[in-house]
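All remarks here apply to the structure that follows.
In the working numbering, the protein residues as written are 1 to 106.
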């Protein structure tokens, strides 16, 4: 589980001189087969990638999201009609499980 999520959060947050891992060259899984579902309106089209994530990947994502350095992002103006609550943890995932991070975001 990605070094058991860097020994269960022992890797830090990437700040204070901590090295953030570079893109790994080995250990990447083969790309998933993507099935596209088109629509007359492009913004309604979607894709399905069965088994793109396995149970270990999902556990790693959950662990990264629970890292102590993750905090809520408040980036919406108060006058906007729509609200949402967001916690970003891409940096924590990249630090704790770089192979999964690059599979998702590269």
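Backbone N, C-alpha and C fix where the C-beta goes; we use that ideal spot for every residue, glycine too. Bear in mind that the values here come from a model prediction, so they are computed numbers and not experimental data.
The continuous alpha helix (DSSP H) containing residue 104 extends over residues 98–105.
Taking C-alpha positions only, residue 53 is separated from residue 46 by approximately 17 Å.
For the set 77, 91, 92, the Cα lying nearest the Cα of residue 85 is the one of 77. For residue 64 against residue 104, the beta-carbon gap comes to about 11 Å, at or over 8 Å, which does not count as contact.
When 100, 42, 59, 88 are compared, the shortest CA-CA separation from residue 72 is found for 88. For secondary structure counted as the alpha helix (DSSP H) over 4 or more consecutive residues, the segment 73–98 holds these complete runs in sequence order: 90–96.
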